[in-house]
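If you want my numbering, it's the 1-based position in the sequence shown plus 8.
Cβ atoms here follow ideal geometry from the backbone N, Cα and C, with glycine treated the same way.
Each remark here refers to the structure printed beneath this line.
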Amino acid sequence: MEDEIRKEIFEFINQNFSDNRKLLREKANEFLKNPNVTNLFLNEFEKLNIVVHFQSLSSETDKFSKEEMGDISDVWNFYLNEDIDEVDKSKGYEDWDFDTYLESGKPLHCCKVWINWFLKLYYIQNFEIIRKGEDETERVLIIVDPYEKEKHSSILKVLKQNGYEEVKDDLALLKAESVSTDCNDDPTVFDCLFSDLIYPAHFRNNYTK
9 MEDEIRKEIF EFINQNFSDN RKLLREKANE FLKNPNVTNL FLNEFEKLNI VVHFQSLSSE
69 TDKFSKEEMG DISDVWNFYL NEDIDEVDKS KGYEDWDFDT YLESGKPLHC CKVWINWFLK
129 LYYIQNFEII RKGEDETERV LIIVDPYEKE KHSSILKVLK QNGYEEVKDD LALLKAESVS
189 TDCNDDPTVF DCLFSDLIYP AHFRNNYTK
């Protein structure tokens with residue numbers, strides 16, 4: 009299965025990221041008219057009893073420019089802590105940075121999922137954010153809490169039921185030769201399929217473009 013996924017990925021990149029990404033731009037602009045993947049997971053994840061924050065260019069623009077493409081994925085942030093059942097609005101706005109929670113000294117446990125628009129592929133990472141005074145640390149999280157395990161499993165179940173396969177690090181960090189993205193002239197598979205701006209915690213900590 010991994011070999012099949014790898015072949016599919018590189019065929020997609022070679023076809024769509026060449027010629028200044030002309031074909032990809034056309035494909036992406038068509039997607040923006042009917043963001044079916046975005047709508048699918050908006051509906052699916054809404055059924056889960058998990059606080060989630062959604063990032064997607066498909067909800068912010070109706071057309072890609074000739075100069076910049078942006079990412080071709082949606083990014084979902086799930087907040088797994090059992091004592092978080094809604095985003096804090098006590099300051100008059102939705103505090104998706106969870107400042108009050110972090111200032112209490114509690115670690116914020118998160119699951120971030122990148123979902124590609126055109127291939128049934130996703131990347132997932134669990135991480136925690138810890139704040140001590142002015143210092144904030146973000147690091148990979150190994151889930152041990154039963155409640156959080158259940159929530160994480162429900163996310164994976166939705167992805168699996170909809171036929172999506174996980175892209176793991178050994179494939180995500182492979183170089184995609186002779187192509188470029190908006191922010192990277194020497195991109196990885198992750199840059200091309202998911203984002204060249206929004207990286208997993210351990211990529212930012214350990215990986216330099």
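State the CB to CB distance for the pair residue i and residue j, rounded to an integer number of angstroms; the pair is presumed to be in contact (CB under 8 Å).
i, j, result
"I206", "V83", "6 Å"
"I203", "D79", "It should be pointed out that residue 203 corresponds to Ser in this sequence rather than to Ile. Contact flag correct, Cβ pair sits at about 4 Å."
Considering residue i, what are the terminal residues of the alpha helix (DSSP H) in which it resides?
i, result
"L48", "N44 to E54"
"T108", "D107 to E111"
"A184", "Counting along the chain, A184 falls outside any alpha helix (DSSP H), and DSSP gives it neither H nor E."
Count the other C-beta atoms from every protein chain shown that fall within 10 angstroms of the C-beta of residue i, then say buried if there are 16 or more, exposed otherwise.
i, result
"N89", "buried"
"V197", "buried"
"E142", "exposed"
"I150", "exposed"
"C200", "buried"
"T46", "buried"
"Q195", "A small fix is needed here, since residue 195 is Pro in this sequence, not Gln. Buried is the call here."
"N134", "buried"
"C191", "exposed"
"P208", "buried"
"F62", "exposed"
"V152", "exposed"
At which residues does the beta strand (DSSP E) containing residue i begin and terminate?
i, result
"C119", "L116 to N124"
"E144", "D143 to V148"
If you run the structure through DSSP and keep just helix, strand and coil, what is residue i?
i, result
"L88", "coil"
"V5", "No answer is possible for residue 5: it lies beyond the span of the chain, which begins at 9 and ends at 217."
"N22", "helix"
"I137", "strand"
"S162", "helix"
"L129", "strand"
"D193", "coil"
"E38", "helix"
"E16", "helix"
"D82", "strand"
*Specify whether the segment 181–189 and the segment 122–134 touch according to this definition: at least 3 beta carbon pairs, one from each stretch, less than 8 Å apart.*
no
_Using 8 Å as the cut-off, can you tell me whether the segment 48–66 makes contact with the segment 17–29, which would need three or more C-beta pairs spanning the two stretches below that distance?_
no
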